[in-house]
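Working notes, beginning with the structure itself.
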Amino acid sequence: CRCCADSRRHSSILYSILRSEERAASPPGQGPRRGQASRRCPCGSRRRVSLRSPQVACKAASAVLVKTLRFVQNVPCFQELPLEEQLLLVRSCWAPLLVLGLAQDRVHFETVESAEPSMLQRILTTRRQGDQPPTRAPAPGRPQHGGGGPHPPSAGEIQAIKGFLAKCWSLDISTKEYAYLKGAVLFNPDLPGLQCTQYIEGLQREAQQALNEHVRLIHRGDQARFAKLNVVLSLLRSINANVIAELFFRPIIGAVNMDDMLLEMLCAKL
Numbered sequence: 001c002r003c004c005a006d007s008r009r010h011s012s013i014l015y016s017i018l019r020s021e022e023r024a025a026s027p028p029g030q031g032p033r034r035g036q037a038s039r040r041c042p043c044g045s046r047r048r049v050s051l052r053s054p055q056v057a058c059k060a061a062s063a064v065l066v067k068t069l070r071f072v073q074n075v076p077c078f079q080e081l082p083l084e085e086q087l088l089l090v091r092s093c094w095a096p097l098l099v100l101g102l103a104q105d106r107v108h109f110e111t112v113e114s115a116e117p118s119m120l121q122r123i124l125t126t127r128r129q130g131d132q133p134p135t136r137a138p139a140p141g142r143p144q145h146g147g148g149g150p151h152p153p154s155a156g157e158i159q160a161i162k163g164f165l166a167k168c169w170s171l172d173i174s175t176k177e178y179a180y181l182k183g184a185v186l187f188n189p190d191l192p193g194l195q196c197t198q199y200i201e202g203l204q205r206e207a208q209q210a211l212n213e214h215v216r217l218i219h220r221g222d223q224a225r226f227a228k229l230n231v232v233l234s235l236l237r238s239i240n241a242n243v244i245a246e247l248f249f250r251p252i253i254g255a256v257n258m259d260d261m262l263l264e265m266l267c268a269k270l
């Protein structure tokens, strides 16, 4: 593959400088790890991509996020929870809910391969980071927002999102089914820090039961539909919130802190 042809450029001065930088950053007595070159290879599912039309796609995603939070705010059982519980639930599930909203509104988007940084850019970035004081690590289990440069999603991560959208569209999910799916995602009793665990678990069970009854009533001839919709729920667990933020929100509002934005939107009258 063309991107693995570094061996052909071993004689270049710039390559020698980059190699010396890497050796200086490696622990004493430890050479470069195997597979290091393959991780930098932009081929296949690891290559970095970005939106082809960020203004159009990001505007659509922002509109879906507003509609999603409006839906959440209009759920009476959700409003009965303390604000801290509400925020904890929304922080944990905003990305899966957003992807469900993208599927419901049939939002299409295309991506293009991002330009790989040149060797000189890598050298300058490494030196600049070495001059900066170390930053405090985020709390365990919390997504990183802001800070550092952009990290475009990989083609594999985008393919997973598109595969999920295609799965939903192939099932032709109805408005009511989307609502029940969102309820099952929103009321997640397994989150650490929740105080109303039993109440939230009951709400999730009610959403799943309502979905089952609706499917049995409307799709009597499709005995496997409820199982297919449960597959949709299982696929949502692989949705990475950082990937969604980088793809749909960083291009228009920069290094956004999604926690702050969600709190502001949750407390506002959408």
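Okay, so the sequence shown: first residue is 1 according to the UniProt record's numbering, each after it adds one.
Beta carbons: idealized from backbone N, C-alpha and C, even for Gly.
**Q.** Beta-bridge pairing of Thr111 - partner residues as DSSP gives them
**A.** Paired residues: Leu51.
(Q) Less than 6 Å between C-beta atoms, sequence neighbours within five positions excluded: which residues of the same chain meet that for Val215? (A) Arg225, Phe226
Q) Would you say the segment 192-199 touches the segment 228-238, given that touching needs at least three Cβ pairs under 8 Å? A) no
Q: Could you tell me which of Thr111, Pro96, Cys93 sits nearest to Gln55, measuring between CA atoms?
A: Thr111
Q) So, helix, strand or coil for Gly35, using DSSP? A) Confidence at Gly35 is low in this model, with a pLDDT of 46, below 50, so the placement of that residue is unreliable and no value is reported for it.
Q | Between the CA atoms of Val232 and Lys167 - distance to the nearest angstrom | A | 8 Å
Q. From Leu87 to Tyr180, what distance separates their C-alpha atoms?
A. Spanning the two alpha carbons is a distance of roughly 20 Å.
Q.
Measuring CB atoms only, is the segment 91-99 touching the segment 241-258, in the sense that at least three cross pairs come out at less than 8 Å?
A. Here the segment 91-99 makes contact with the segment 241-258; the two share three or more CB pairs at distances below 8 Å.
Q) For the candidate residues Ser50, Arg48, Phe78, whose alpha-carbon lies nearest to that of Tyr199? A) Phe78
Q) Smallest Cα separation from Ala60: which of Gly163, Ile218, Pro152, Gln104? A) Gln104
Q.
Less than 8 Å between the C-beta atoms of Arg91 and Leu262, yes or no?
A. yes
Q.
Please report the distance separating the alpha-carbon of Ile158 from that of Ala57.
A. 13 Å
Q: Look at the alpha carbon of Ser114 and the alpha carbon of Lys182, and state the distance between them as a whole number of angstroms.
A: 33 Å
Q) Using a Cβ-Cβ cut-off of 7 Å (strictly less than) and excluding sequence neighbours within five positions of Phe109, which residues of its own chain qualify? A) The answer, listed in chain order, is Leu51, Ala57.
Q: Mind checking which residues open and close the alpha helix (DSSP H) that includes His214?
A: 197-218
Q | Ser234 in three-state terms, based on DSSP | A | helix
(Q) Let me check one thing: in DSSP terms, what residues is Ser62 bridge-paired to? (A) In DSSP, Ser62 forms no bridge with anything.
(Q) So, with DSSP's three-state summary, where would you put Ser92? (A) Correct three-state label for Ser92: helix.
Q.
Since Glu177 and Leu229 should fall inside the 8 Å C-beta cutoff, what is the C-beta to C-beta distance between them, to a whole number of angstroms?
A. Yes, they are in contact, since the Cβ atoms of Glu177 and Leu229 sit about 7 Å apart, within 8 Å.
Q: Round the Cβ separation of Pro153 and Leu65 to the nearest angstrom and send it over; I've been treating them as touching at under 8 Å.
A: Pro153 to Leu65, Cβ: 17 Å. No contact.
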